[in-house]
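Counted the way full-length UniProt numbering counts, the sequence shown spans residues 1 to 141. We put the beta carbon where it would ideally sit given N, CA and C, even for glycine. Read the structure below first, then the notes.
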Amino acid sequence: MLRGKSAYKGFELGVNYHPWTALATGINYTYIKRNNLTNPAIYFTDVPKSKLFTFVQYAINSCLSLHADAALDAKRYSTSYGTIADGYTLMNASAKLHRWKCFFLEGGVNNIFDKNYALTEGYPQAGRNFLINLHYNLQCD
Numbered sequence: 001m002l003r004g005k006s007a008y009k010g011f012e013l014g015v016n017y018h019p020w021t022a023l024a025t026g027i028n029y030t031y032i033k034r035n036n037l038t039n040p041a042i043y044f045t046d047v048p049k050s051k052l053f054t055f056v057q058y059a060i061n062s063c064l065s066l067h068a069d070a071a072l073d074a075k076r077y078s079t080s081y082g083t084i085a086d087g088y089t090l091m092n093a094s095a096k097l098h099r100w101k102c103f104f105l106e107g108g109v110n111n112i113f114d115k116n117y118a119l120t121e122g123y124p125q126a127g128r129n130f131l132i133n134l135h136y137n138l139q140c141d
């Protein structure tokens, strides 16, 4: 069995703010530094050093709410020998319609600006895409 040593250091900070009942906003930042102590020539993959996420949510009334978010990921190693996948920023938006007691309908768009990005170099992720979801709450009264 192969064994190795590594060191992970980092932190995460998040703040949510509700200036009034209808509005919620928040921001979250994560930083992580990973070192391969046994063999520094082999890189850890798939995790960016830093990530930033922010959102805003507004309830127009008891039936309709809007949500927008942005996520910024720094570059990351996508192979253990040092290939790098570039960082990227994605923006998403959605609306939720609460018309039935235990159900709500959601529609939205992910990757609004159709950003070309990859989590692993050479394997692009989806461009702009649309969603429609029907959710059921098992714990509604």
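Task: Alpha-carbon to alpha-carbon, residue 43 and residue 122 - done: The count along the sequence shown starts at 1 and reaches residue 122 at position 122. The count along the sequence shown starts at 1 and reaches residue 43 at position 43. Computed Cα separation, rounded: 18 Å.
Task: Beta-carbon proximity of residue 68 to residue 93, cut-off 9 Å - done: In the sequence shown, residue 68 corresponds to position 68, counting from 1. In the sequence shown, residue 93 corresponds to position 93, counting from 1. Yes, these two residues count as a Cβ contact at 9 Å.
TODO: Closer than 6 Å by C-beta to residue 106: which residues in its own chain qualify, once you throw out the five before and the five after it? Chain order, please.
DONE: Taking the sequence shown and counting its residues from 1, one reaches residue 106 at position 106. Setting aside the 5 residues that flank it on each side, residue 106 is surrounded in the same chain by 94, 96 and 133, each with a C-beta closer than 6 Å to its C-beta; the list follows chain order.
Open item on the list: I believe residue 138 touches residue 85 by the beta-carbon criterion, under 8 Å. Please report the beta-carbon distance rounded to the nearest angstrom.
Closed with: Counted from its first residue, the sequence shown places residue 138 at position 138. Counted from its first residue, the sequence shown places residue 85 at position 85. Distance from residue 138 to residue 85 at the Cβ level is roughly 38 Å; contact not present, criterion being Cβ atoms closer than 8 Å.
Open item on the list: Counting C-beta neighbours from all protein chains within 10 Å, is the total for residue 17 16 or more, i.e. buried, or is it exposed?
Closed with: Counting from 1 along the sequence shown, the entry for residue 17 is found at position 17. Counting Cβ neighbours within 10 Å, residue 17 comes out exposed, since fewer than 16 surround it.
Open item on the list: Report the start-end ranges of each beta strand (DSSP E) in the segment 112 to 137 that is 3 residues or longer and not cut off at the edges.
Closed with: Correct list: 118 to 120 and 129 to 136.
Open item on the list: If I measure Cβ to Cβ from residue 65 and keep anything under 6 Å in the same chain, skipping five residues before and after, which residues do I get?
Closed with: Counted from its first residue, the sequence shown places residue 65 at position 65. Cβ neighbours of residue 65 beyond the five flanking positions: 59 and 96.
Task: Chain-order list of residues whose beta-carbon lies under 8 Å from that of residue 109 (same chain, five-residue window excluded) - done: Counting from one through the sequence shown, the residue named residue 109 turns up at place 109. 92, 93, 94, 128, 129, 130 and 131.
- [ ] Measuring alpha carbon to alpha carbon, tell me which of 52, 70 and 34 ends up nearest residue 6.
- [x] Position 6 of the sequence shown holds residue 6. Checking every option, the nearest Cα to that of residue 6 belongs to 34.
TODO: Under 7 Å Cβ to Cβ from residue 8, same chain only, skipping five residues before and after it: list those, please.
DONE: Position 8 of the sequence shown, counted from the first residue, corresponds to residue 8. Only residues of its own chain outside the window of five on either side were considered, and among them 32 and 34 have a CB closer than 7 Å to the CB of residue 8, listed in chain order.
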